[in-house]
Amino acid sequence: MQSMTIRRPDDWHVHLRDGDMLKLVAPFTARQFARAIIMPNLMPPVTQVAAAAAYRDRIAAAAGPDFTPLMTCYLTDESDADEIARGFDGGVWTAAKLYPANATTNSASGVTDIRNIHSPLERMQALGMVLCVHGEVTDPAVDIFDREAVFIERVLTPLLSDFPELKVVLEHITTAEAADFVAGAGPNVAATITPHHLMINRNAMFERGLRPHAYCLPVAKRERHRQAVRRAAVSGSPKFFLGTDSAPHHRPTKESGCGCAGIFNAPMALEAYATVFEEEGALDKLEGFASDHGPNFYGLPLNAGTVTLKREATDVPDLLGRGAIELVPFLAGQSVDWTLDD
Ligand code: DOR
Ligand code: ZN
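Per full-length UniProt numbering, the sequence shown starts with residue 1, numbered consecutively.
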């Protein structure tokens with residue numbers, strides 16, 4: 001196949017940040033996607049409807065008219081069910097995000113115990129509002145490579161037994177356990193999959209030295225997990241869909257004695273997914289994964305319009321940015337097999 005045209009896709013999990021970083025990264029996402037679920041882990045986190053509406057307007061200004069940001073509410077121990085319902089009914093919030101406290105970047109205000117958000121979750125279940133989940137336990141006694149699997153056992157399984165109708169997206173899955181859990185759960189449970197978790201395993205962080213640009217959370221796992229996640233992505237199941245988790249950090253904050261978690265893949269996300277789907281002999285499944293399964297799960301209309309990918313290599317730059325912000329993109333200095341035709 002030399003070229004393929006698919007319905008315009010969406011990104012069901014992205015970090016666009018704010019200020020100059022937002023201005024720099026938003027156009028990359030808007031070039032690729034019609035809509036995106038915007039993560040609320042700013043400093044301070046986006047917990048109130050008014051703050052989300054103002055952030056939405058800043059994103060719209062940075063991304064241009066062809067892009068629709070879908071906002072999320074950052075859940076905390078103090079989250080109020082009425083405020084969540086008000087934002088959802090008013091069309092500001094599409095979903096709410098559960099960060100276990102201190103699980104990842106800017107999650108210090110996250111939830112310390114799932115029992116603290118019982119009433120918001122009850123309301124969300126009644127409203128049909130999606131819960132996006134960062135699925136890792138923070139117990140320091142649990143090995144970092146096991147934190148997703150243990151979260152499923154300790155937190156997600158009990159949560160779904162308390163709220164059996166709650167719509168849950170287990171974000172950025174990285175393990176065979178997560179892929180199996182989601183595949184075997186009810187139709188109210190789905191997962192997003194990133195390009196990096198399809199392309200790298202944990203060796204990438206240690207290839208001839210420490211590689212901070214391959215570090216994200218959940219951290220990449222063993223090869224057998226990458227293979228399981230790849231099978232889920234190309235399975236054609238409506239439970240698995242595209243979410244880049246593109247998470248830009250200014251270069252010095254990654255290349256540091258304590259480097260931030262996050263991989264910036266927005267510039268060539270779709271090209272990377274196409275490369276993986278072709279390697280798996282499943283290009284016919286790309287449109288469902290990128291453009292249909294997400295809106296169907298969220299209960300949103302499919303996009304009008306199409307995008308075309310050509311089978312031509314795209315070289316990924318070593319560095320992106322301008323002025324005070326420098327970003328090392330995913331696959332810097334390498335290439336992907338497809339090109340998005342603008
Ligand atoms: O690698 C990550 N980066 N994982 C997350 O959960 C957060 C994200 C970020 O905000 O940088
Ligand atoms: Zn994320």
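Glycine is no exception: its CB is placed at the ideal position from the N, C-alpha and C atoms.
Taking 3 residues as the minimum length, the beta strand (DSSP E) runs contained wholly in the stretch 5-58 are 11-14, 35-38, in order along the chain. Burial of P248 is indicated by the presence of at least 16 other C-beta atoms within 10 angstroms of its C-beta.
Taking C-beta atoms as the reference points, D245 and T314 fail to come closer than 9 Å. Short of 6 Å from the beta carbon of A81, and not among the five residues preceding or following it, lie these beta carbons of its own chain, in chain order: S119, P120, R123.
Taking 9 Å as the cut-off, the Cβ atoms of T72 and R35 do not count as close. The straight-line gap separating the alpha-carbon atoms of G19 and A53 is approximately 15 Å. Spatial neighbours of A272 in its own chain (CB-CB distance under 6 Å, excluding positions within 5 residues in sequence) are listed in chain order as P195, V336.
The Cβ atoms of D284 and V307 do not sit closer than 9 Å to each other. Beta-carbon to beta-carbon, T29 and A266 are separated by about 5 Å, close enough to satisfy the 8 Å threshold. Taking C-beta atoms as the reference points, M43 and N106 count as a pair closer than 9 Å. It is roughly 18 Å from the alpha-carbon of G186 to the alpha-carbon of A233. Rounded to the nearest angstrom, the Cβ distance from N201 to R231 is 14 Å, too far for a contact under 8 Å.
Residue range 293-298 is occupied by the alpha helix (DSSP H) that includes Y298. When the beta-carbon positions are compared, Q32 and P65 stay at least 9 Å from each other.
Between the ligand DOR and the CB of L217, the shortest heavy atom gap is smaller than 8 Å. Secondary-structure assignment with DSSP links C132 through a beta bridge to K97, V169. Comparing alpha carbon positions, the residue from R17, R222, N41 closest to A101 is N41. For I144, the number of other beta carbons within 10 angstroms of its own is below 16, and it is reported as exposed. Collapsing the DSSP output to three states places E122 in a helix.
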